[in-house]
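Participant:
2 protein chains.
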Amino acid sequence: MSKTANVRPKRAVRRPDASAGIDRGVAPVDLGVLPDLVGYMLRRAQLAVFQDFWRAFEAHDIRPAQYAVLLIIERNPGLRQSQVSAALNIKRANLVALLDSLERRGFAKRVPVATDRRSYALHLTDGGAALLKKLGELSAAHEQRISATIGETGRKELLRLLHGVVQAVGPSTTDDDES
Amino acid sequence: MSKTANVRPKRAVRRPDASAGIDRGVAPVDLGVLPDLVGYMLRRAQLAVFQDFWRAFEAHDIRPAQYAVLLIIERNPGLRQSQVSAALNIKRANLVALLDSLERRGFAKRVPVATDRRSYALHLTDGGAALLKKLGELSAAHEQRISATIGETGRKELLRLLHGVVQAVGPSTTDDDES
DNA sequence: TATTGTTATACTCTATAACTATA
DNA sequence: TATAGTTATAGAGTATAACAATA
Chain A
180 MSKTANVRPK RAVRRPDASA GIDRGVAPVD LGVLPDLVGY MLRRAQLAVF QDFWRAFEAH
240 DIRPAQYAVL LIIERNPGLR QSQVSAALNI KRANLVALLD SLERRGFAKR VPVATDRRSY
300 ALHLTDGGAA LLKKLGELSA AHEQRISATI GETGRKELLR LLHGVVQAVG PSTTDDDES
Chain B
180 MSKTANVRPK RAVRRPDASA GIDRGVAPVD LGVLPDLVGY MLRRAQLAVF QDFWRAFEAH
240 DIRPAQYAVL LIIERNPGLR QSQVSAALNI KRANLVALLD SLERRGFAKR VPVATDRRSY
300 ALHLTDGGAA LLKKLGELSA AHEQRISATI GETGRKELLR LLHGVVQAVG PSTTDDDES
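Protein sequences, first through last, are from chains A and B. Remember, our numbering sits 179 above the position in the first sequence when you count from 1. Remember, our numbering sits 179 above the position in the second sequence when you count from 1.
(1) Taking only beta-carbon atoms, is residue 302 of chain B less than 8 Å away from chain A?
(2) Can you round the beta-carbon distance between residue 236 of chain A and residue 314 of chain A to whole angstroms, since I take them to be within the 8 Å contact cut?
(3) Of the residues A:231, A:281, A:217, A:282, which one's Cα is nearest the Cα of residue 333 of chain B?
(4) As a quick exercise: from A:207, A:224, A:286, A:247, pick the residue whose alpha carbon is nearest that of residue 339 of chain B.
(5) How would you list, in chain order, the residues of chain B whose beta-carbon sits under 8 Å from the beta-carbon of residue 344 of chain A?
(6) Within 10 angstroms of the Cβ of residue 205 of chain A, are there 16 or more other Cβ atoms? Answer buried if so, exposed if not.
(7) I'd like to know if residue 318 of chain B contacts chain A, where contact means its C-beta is closer than 8 Å to some C-beta of that chain.
(8) Can you confirm whether residue 334 of chain B, when its beta carbon is compared against all beta carbons of chain A, has any partner nearer than 8 Å?
(9) Residues in its own chain within less than 7 Å of residue 324 of chain B by CB, not counting five upstream and five downstream?
(10) Determine, using beta carbons only, whether residue 281 of chain A comes closer than 8 Å to chain B.
(11) To which residues does DSSP link residue 290 of chain A through a beta bridge?
(12) Indicate whether at least one CB of chain A lies closer than 8 Å to the CB of residue 293 of chain B.
(13) Considering only their Cβ atoms, is the gap separating residue 245 of chain A from residue 267 of chain A smaller than 8 Å?
(14) Quick check on residue 322 of chain A: buried or exposed, where buried means 16 or more other Cβ atoms within 10 Å of its Cβ?
(15) Report the neighbours of residue 208 of chain B on chain A: residues whose CB is nearer than 7 Å to its CB, in chain order.
(16) Within the continuous alpha helix (DSSP H) that includes residue 237 of chain B, where are the two ends?
(17) Would residue 345 of chain A be called buried (16 or more neighbouring beta carbons within 10 Å of its own) or exposed?
(18) Leaving out five residues before and five after residue 291 of chain B in sequence, what residues of the same chain have Cβ atoms less than 7 Å from its Cβ?
(19) Among A:249, A:215, A:213, A:348, whose alpha-carbon lies nearest the alpha-carbon of residue 302 of chain A?
(20) Provide the residue span of the alpha helix (DSSP H) that contains residue 313 of chain B, from first to last.
(21) Compare the Cα-Cα distances from residue 317 of chain A to each of A:293, A:306, A:208, A:238 and report the closest residue.
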């Protein structure tokens, strides 16, 4: 342990006798090892990326989880709620309101299944398909904005590393299982 | 490394001959482009890593945000709450309860500042310093668990890419500002 | 008896406004 | 007037338990 990366010389907490802490710049706070902790940087990066995503999808009032659900329904027409729940790590109970919203807004629909009247087959509406077409463009631009900062090579490498972390460190929470 | 990645028995969704679909086993859900979206993978990775972190720090009942606050106080003794707030992207209002908890448990303390009676200088207690020493070991082991999956080189590279993303895509929300 | 979708509920995080006591 | 810390509150996101209908 204690590779103790860059030990910055602690910047004196300059504090004038009156007020005016620092001219007008950034806080002189030393983050220490935090920037070297994967968890900390993952959280910061996730917040940053989600913020860009949110801004891009704001006009359509679609959030990450909703986009993921739409995408998975598009790719797997007829999917059941429990399957979406398991695939995306969303509790069955929490998926209900999300789908209610998508259905109410005319993007997705629940179709009764003749062979199993407990469940519904999920499908996109024409409006939902059209929406996804537009969102796909916004998503591509969003990804490109990321590529613009770390390069497309860096983006691919980032994805590769994230997959490695996910697969090994936390193979997802086995989802929904309750009771 | 993935030691068999213990795949839960996951009762095969045994279902009559009705809707054939796919045989037993894992969910036959196609995630489509989701695994190629940085935002989606960042979220999955963050959840996975935080889960490992949580398990590691569980015995001490310390969560990521609390650990970050303790670290930053250790590195910058005498820091004001507003500075911690700005540095860690935690709203001033939300920092109060967090510090109350750390203070109540004897890990940190608020020391009145003679020159400005509105604010407090934050310091670790001896107990807090001792705790951090122990937590540092757990944190190092936690990072090593990540290195074990993508290699120490991969971990370093991951950190580099995450920094790139954070700096360019979202230089943090300028924090607390309200009103 | 087990599963699907559902409701109700609770707990954590985060966000905003407004208050106090200082400055 | 502006700022530091605080309070209260609201909103997401996520977690569990229990129920009805169905398998």
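C-beta: ideal position from N, C-alpha, C; glycine also. Computed from a predicted model, the values in this text were never measured in an experiment.
Facilitator: In brief:
(1) no
(2) 7 Å
(3) A:217
(4) When A:207, A:224, A:286, A:247 are compared, the shortest CA-CA separation from residue 339 of chain B is found for A:224.
(5) In chain order: 224, 227, 228, 325, 328, 329, 337.
(6) For residue 205 of chain A, the pLDDT reaches just 44, beneath the cut-off of 50, and the residue's location in the model is therefore unreliable, leaving the point undetermined.
(7) Chain A contact via Cβ: present.
(8) Chain A has a Cβ within less than 8 Å of the Cβ of residue 334 of chain B.
(9) 231
(10) no
(11) A:300
(12) no
(13) no
(14) With 16 or more other Cβ atoms from the protein chains shown falling within 10 Å of its own Cβ, residue 322 of chain A counts as buried.
(15) Neighbours of residue 208 of chain B on chain A, chain order: 251, 255, 258, 262, 266.
(16) From DSSP, residue 237 of chain B is part of no alpha helix (DSSP H); its letter is neither H nor E.
(17) buried
(18) 299
(19) Per the Cα distances, A:249.
(20) 305–348
(21) A:238
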